[in-house]
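A short worksheet on the structure shown next.
In our numbering, the protein residues as written are 2 to 232.
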C-alpha cells in the first residue's frame, strides 16, 4: 500500500536463462610468438637510424646503419683469400703442365691440387662470412645496413644515434605482428574454476569505449602470483 499507486506501473515478472560472467581488468601485450628481435652479427657504432619506436615496417626495410670493423676485416680476409686462390690455381696449372711433360711427380701434383681445393674453400668461407654480416662480397664497404627480418610494428627500441651495437649481445629493435595480440588478465584464484580454455571473451578498451572486441581464452598460467594470489 503506497500513496499514489498510479505512479508505479506494474510489469509481469518472467524468467530467462543467462550465462555467468566474470569481469576482470587486463593489459594488451604483443604475442611473444609473433615478436621477432632485430639482431646484428656485426659489432660497431650506429651512424644512422632509419626507423623508430611505433613505426610500421616492411620485411627487408633498412632500420639502421652500422660502421663496423668486423665488416672491414671480413672484406680484407676475403680479398686475401681470393689472391691466395689465384696463386694456388696458377701453381696447379704449372704443376699439371710439368706433370704432363714428366718433370713433376704425381705426388707433387696432388699436393698442388689439394692446395687449390683448400684455397677455394677459404674463398667460399670468407664470402659467406661477409654475407652473414649483411654485405655483398662484390661491393667492399665498412658500413652494414641492418634490415627488418619480418613485417610488423616496432614495439621496442634499444638504440640511439652514435650508440654502440655489440653484435648478438644487443637487440636494437623488436618487431611484433599486432594482427593478433594477447590480453593478459589477472583472475583471482577462487574464480579459476569458472574459467576454461576456449571460453569466449569480450574486450572493451579504454581507447575505444564504444567498441567490443571478440576474444578467446587461449592459455591459463600454471604459476600463481605470490603477491596477488592471482593466475
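A virtual CB, placed ideally from N, CA and C, is assigned to each residue, including glycine.
Asked: By a C-beta neighbour count over all protein chains shown, 10 Å radius and 16 as the cutoff for buried, is residue 158 buried or exposed?; Found: buried
Asked: Going by Cα to Cα distance, which pick from 8, 21, 9, 136 is closest to residue 197?; Found: 21
Asked: Please classify residue 9: does DSSP put it in a helix, a strand, or coil?; Found: coil
Asked: Looking at residue 139 and the ligand ADP, is the gap between the Cβ and the nearest heavy atom below 7 angstroms?; Found: Looking at this structure, you won't find the ligand ADP or any other ligand, since it has none at all.
Asked: Per DSSP, which one or two residues make a beta bridge with residue 65?; Found: 50, 147
Asked: Below 7 angstroms CB to CB, which residues in the same chain sit around residue 78 once its five sequence neighbours on both sides are set aside?; Found: 127
Asked: When the Cα of residue 52 is compared with those of 153, 165, 103, 27, which residue comes out closest?; Found: 153
Asked: Quickly, what does DSSP pair residue 203 with across the bridge? List them, please.; Found: 215
Asked: Just curious, the beta strand (DSSP E) that residue 157 is in, first and last residue?; Found: 153–158
Asked: Which residues bound the alpha helix (DSSP H) around residue 75?; Found: 70–101
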